[in-house]
Amino acid sequence: MGRSRGINVYEEAWEELTREKAFEGYVPEQVCISLSQNGEVICRPTVLPGEYVSLGQVIGETDSGERACVHASIAGYVEEITNYQRAPGIFEPYVKIRKENKKANTWHPFALNFDRDALAQAVCRIGLSGKRLMKSQVLIVNGFANEPYITSGYRLMLESPGKIVIGAILGAIVAEAEAIYICINEDAFDAVARMRRTVQKYGQNMGNKRPIWVLSMKRRYPKGDEKMLRKEVLGREKGTACVVTVAEMAALYDGIYDGEPWTRVGITVSGEVSMPKNLWVPIGTNVQDIIDYCGGKPSEAVIIHGGPLGGSTVDGPNAWVTRETCGLLVLHPPAMPVSPCIHCGLCREVCPQRLMPDRIEEKYLAGEEIPENLRATECMKCGLCSYVCPSGRRLTEYIGQVKKGRTREKAAVFSENSENRAGDYIDIPSERKIFRRLKPLEIRSQSAPHIHRRGTIYDVMKQSIIGLLPLIGAVFYQNPGWRIHFAGMLFVGGLCAVLSEYFWQMFRNEYVSIQDGSALFTGLLLTLLFPIETPLWKVALASVTAIIAGKQIFGGIGSSPIHPAILGKLLFSPFSLPLVESLWPFAIFSVVWMVSKRMCPVVYPLAFLCILAIGSPENLLSSSVFLAAAYFVWSYETMPPSRAGRWIFALMTGIMTLLFQWAGFGVSSVFIAAACMDLTVPLLEFPSVKRV
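Here the sequence shown is numbered in full-length UniProt numbering, starting from 1 and rising by one per residue.
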């Protein structure tokens, strides 16, 4: 097996809404069926308005007859054949059918024998795409739960495992595949067990000596994507393997054995609906009818066609179920303050294609041509870059525009009260300036992803401040005679840092960003790096200098050449002993807290500490070292955006600290080393390299 990137975005509570709910049937009074199913060429209609059609009757086919046919999903009269707008500027023909049962349906098997030619001809007549079963060495059946909330595939494997296995065998015959892999996420252990028992029952007799493997795979999004799944199974992205879904294989079984064409799909209706369900619905069912059947939705919630990470919002009354529909979700769009990019590199860290979403977005918003080496066209629109972005950037949306060949010469200033993101357009040379001059907007984004990971800038700074609380408490306890003075130092340091950032941004007509907590954290951390007897005026001056000269003058958080707290320390008290230096057990808590709250990966602070421990074990008795591990080695203020750059940063900070210690700089060695490495961050921005 290969190894793919991605993250675990799942929470058990999401799927518990429908995980134990069996499929229910729902038949609407009317359907509106697209003649462009499977994303292929548009079929020509074979029926006329006013004509009666039976369930499963062909209502659309291509001239060559080599593509998937479209069938009536209910019996009734054709009301009209008209064009509907699927997307802005994209219209497709739809057949609208009103339900009325006149006679019972008689099904006839699509194939009377199981040779390859007969099965291949039957595939398109059933409604499956022939391209999905092209000649290949391996057939991969995707039973992976790729999106949160969606349990329709899981329920199908529990309720109809025989259809899936036999359908996969038939698909392997069509594709001339030598082996079959059924991939399921490992936490669906009951589905894995049931599929393995079914393979033992049917696979030996019907598989024609084709090995059938049921793979239990670690759940990481977007591993269920076809390209990622092929790479995971075969160890490479390119290869002779076709990937199909469990729903397609069940539909193939129904068509070959029962003569029933693909007229219905199993979907999950979940989220903020009154009654989450798994439903069998006819293709062409109106989305709003399904939501109403499940209890309706809150007024401010949106309907998502698909999953919360890769799905798209739809207008319920003007959207219909297609063969590709796996779920409908009702969610409130995430309200996040959109802030400037802080160059943290998290989007690059999680990108399955090893792209640089921040660079692509920067050039797109600036109206520049996207270089080919950024490989924007390889984006799979999984939504992970926007999902992890602490600044709430709409990276997935912008890269999607780039993939469509669109450029943006002007950046939009979106109105907070506009539902459609309409707004004024202002010419700007770079996207950062627009956010420096405007109040941050709490935008309810309508584009994927529709959920966001906990970890905004405010969350990071809040957890960072909490990590300092044991140190602050220990100082109060250890220095009873200095408690009032120390309280004054904390108050003055934090207040001056916040006020300096506030007045700088206000006088320069920039948006006020003190609500993110970064200025307050800088003031508190800087105070802890001074001696206990430091006068209040020096603490105040150091805090103001750290914020203005170390942060705001360069553009704010994410653009500092040196961490502001380190700058204030080196300018006003470079060689003095920090007041927390002997309280290293409490400084360890800061590291453990930041790692346990997933505010920073454990590997970089650990590598830094290991280097110092190897050079001199006494370094592990220094609070300055542990504070550097917690807040300087991994810092949203200055860290390199690339993974390789972060490793070099952490290791070289440790090595340079040892060198400065041997040169006689004492406790300030770690701050000088961190400052030197901060200055090298622009040199550590290595481009992502795609591995094949």
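In this text, a Cβ means the ideal position worked out from N, Cα and C, and glycines have one as well.
All figures in this text were calculated on a predicted structure; none of them were measured in a lab.
Among the options, the one whose alpha carbon lies nearest that of residue i
| i | options | result |
| --- | --- | --- |
| PRO578 | LEU606, VAL670, TRP504 and TRP593 | VAL670 |
| GLY255 | PHE491, THR638, TYR77 and CYS69 | CYS69 |
| VAL123 | LYS96, ILE588 and MET249 | MET249 |
| PRO535 | LYS551, SER573 and GLY558 | SER573 |
| THR62 | PRO45, SER54, THR82 and TYR77 | PRO45 |
| ALA630 | PHE649, MET599, ARG646 and GLU29 | MET599 |
| ALA549 | PHE507, SER500, SER582 and SER513 | SER500 |
| LYS131 | ALA241, MET506 and PRO93 | ALA241 |
| ILE532 | THR638, ILE547, GLU378 and GLY481 | GLY481 |
| SER299 | ASN278, PHE632, VAL281 and GLU272 | GLU272 |
| LEU355 | VAL580, PRO641, GLY296 and ASP678 | PRO641 |
| ILE7 | ILE360, LYS209, CYS382 and GLY167 | CYS382 |
| GLU361 | TYR387, GLN353, LEU395 and CYS379 | LEU395 |
| ARG375 | GLN353, GLY556, TYR364 and LEU365 | GLN353 |
| LEU651 | LEU606, LEU683, LEU620 and VAL95 | LEU606 |
| residue 696 | GLY556, SER582, LEU541 and LEU583 | Outside the shown range of the chain (1 to 692) lies residue 696, about which nothing can therefore be said. |
| ARG646 | GLY400, ASN619 and THR680 | THR680 |
| TYR257 | PHE114, PRO49, LYS403 and GLU232 | PHE114 |
| SER136 | GLY171, GLN661 and ILE399 | GLY171 |
| residue 700 | ARG125, ARG116 and VAL512 | Any answer about residue 700 is impossible in this case: the structure gives the chain only from 1 up to 692. |
| VAL246 | GLN478, GLU159 and ARG197 | GLU159 |
| PRO357 | VAL402, PRO317 and GLY316 | VAL402 |
Other residues of its chain near residue i: CB distance less than 7 Å, five sequence neighbours each side excluded
| i | result |
| --- | --- |
| ILE655 | ILE611 |
| THR313 | VAL302, ILE303, ILE304 and GLN446 |
| VAL544 | CYS496 and SER500 |
| TRP14 | PRO148 and TYR149 |
| THR653 | PHE608, VAL633, ALA673, ALA674 and MET677 |
| GLU20 | none |
| TRP504 | ILE548 and GLN552 |
| VAL580 | LEU471, VAL475, LEU528, ALA587 and SER623 |
| ILE400 | Checking the sequence shown, residue 400 turns out to be Gly, not Ile. So the list reads LYS381, once near-sequence residues are dropped. |
Nearest-angstrom beta carbon gap, residue j and residue i [assumed within contact, 8 Å]
| i | j | result |
| --- | --- | --- |
| SER391 | PRO308 | The pair is not a contact, with the Cβ atoms about 20 Å apart (cut-off 8 Å). |
| ARG194 | MET217 | Rounded, the Cβ-Cβ distance is 16 Å, inconsistent with contact. |
| GLY162 | GLY153 | No, GLY162 and GLY153 are not in contact; Cβ-Cβ is about 16 Å, not under 8 Å. |
| TYR77 | ILE97 | 7 Å |
| VAL165 | VAL138 | That pair is no contact at about 16 Å. |
| GLY666 | PHE575 | 7 Å |
| ALA389 | CYS351 | According to the sequence provided, residue 389 is Cys. The question's Ala does not apply to it. No, CYS389 and CYS351 are not in contact; Cβ-Cβ is about 12 Å, not under 8 Å. |
| ARG453 | ASN278 | Going by Cβ atoms, the distance from ARG453 to ASN278 rounds to 27 Å, so no, they are not a contact pair. |
| THR456 | SER560 | So it is not a contact: roughly 19 Å between Cβ atoms. |
| CYS43 | GLY60 | 3 Å |
| SER34 | TRP320 | 7 Å |
Same chain only: Cβ atoms within 8 Å of residue i, ignoring 5 sequence neighbours per side
| i | result |
| --- | --- |
| GLY127 | GLN37, ALA68, CYS69, VAL70, HIS71, ALA251, GLY255, PRO261, TRP262, THR263 and ARG323 |
| VAL498 | ILE514, ALA519, LEU520 and GLY523 |
| SER274 | CYS294, GLY295 and GLY296 |
| LEU583 | LEU471, ALA474, VAL475, GLN478 and SER623 |
| MET506 | VAL512 |
Neighbourhood of residue i by C-beta distance below 6 Å, restricted to the same chain and skipping five residues each side
| i | result |
| --- | --- |
| LEU17 | SER270 and PRO276 |
| VAL595 | VAL602 |
| GLU442 | Residue placement at GLU442 cannot be trusted, given a pLDDT of 38 that sits under 50; the coordinates are not used to answer. |
| GLY558 | ILE342 and HIS343 |
| ALA120 | VAL174 |
| GLU419 | Note that GLU419 scores a pLDDT of 39, beneath 50, so its modelled location is shaky; the value from the coordinates is reported in the next line. Excluding residues within five positions, none has a Cβ falling inside 6 Å. |
| GLN57 | ALA72 |
| VAL591 | PRO605, PHE626, ALA629 and ALA630 |
| TRP280 | PHE23, GLY25, ARG264 and GLY266 |
| TRP213 | TYR181 |
| residue 729 | Past the boundaries of the shown model lies residue 729; the chain is included only from 1 to 692, so the question cannot be answered. |
| ALA75 | SER54, LEU55 and ASN101 |
| TRP593 | GLY467 |
Any C-beta of chain B under 8 Å from that of residue i
| i | result |
| --- | --- |
| TRP504 | Of the chains in the structure shown, none is chain B; there is only one protein chain. |
Meets three-Cβ-pair contact criterion under 8 Å: the stretch 337-352 and the stretch 181-188: The stretch 337-352 makes no contact with the stretch 181-188; the number of CB pairs closer than 8 Å stays below 3.
Cβ contact check for the stretch 143-153 and the stretch 171-178: 3 or more pairs under 8 Å: Segments in contact, no.
Segment contact flag, the stretch 355-372 with the stretch 471-490, C-beta cutoff 8 Å, min 3 pairs: By the Cβ test, the stretch 355-372 is not in contact with the stretch 471-490, since fewer than three Cβ pairs between them sit closer than 8 Å.
Stretch pair the stretch 525-539 + the stretch 557-569: three plus CB contacts closer than 8 Å: Of all C-beta pairs linking the stretch 525-539 to the stretch 557-569, three or more are shorter than 8 Å, placing the two stretches in contact.
Meets three-Cβ-pair contact criterion under 8 Å: the stretch 39-57 and the stretch 327-334: No: the two stretches stay apart, fewer than three of their Cβ pairs being nearer than 8 Å.
Inter-stretch contact at 8 Å, needing at least 3 Cβ pairs: the stretch 461-476 / the stretch 513-522: These segments touch.
Every unbroken beta strand (DSSP E) within the stretch 143-214, with a cutoff of 3 residues, ordered by chain: Here the runs fully enclosed are 179-185.
Meets three-Cβ-pair contact criterion under 8 Å: the stretch 625-633 and the stretch 582-601: Of all C-beta pairs linking the stretch 625-633 to the stretch 582-601, three or more are shorter than 8 Å, placing the two stretches in contact.
Minimum length 4: unbroken alpha helix (DSSP H) runs contained in the stretch 258-305: Complete alpha helix (DSSP H) runs here, min 4: 287-293.
Cβ contact check for the stretch 23-32 and the stretch 281-294: 3 or more pairs under 8 Å: The count of Cβ pairs closer than 8 Å, one atom from the stretch 23-32 and one from the stretch 281-294, reaches three, so the stretches are in contact.
Contiguous beta strand (DSSP E) assignments of at least 3 residues, all confined to the stretch 466-495: If we require 3 residues or more, the stretch 466-495 turns out to have no beta strand (DSSP E) run fully inside it.
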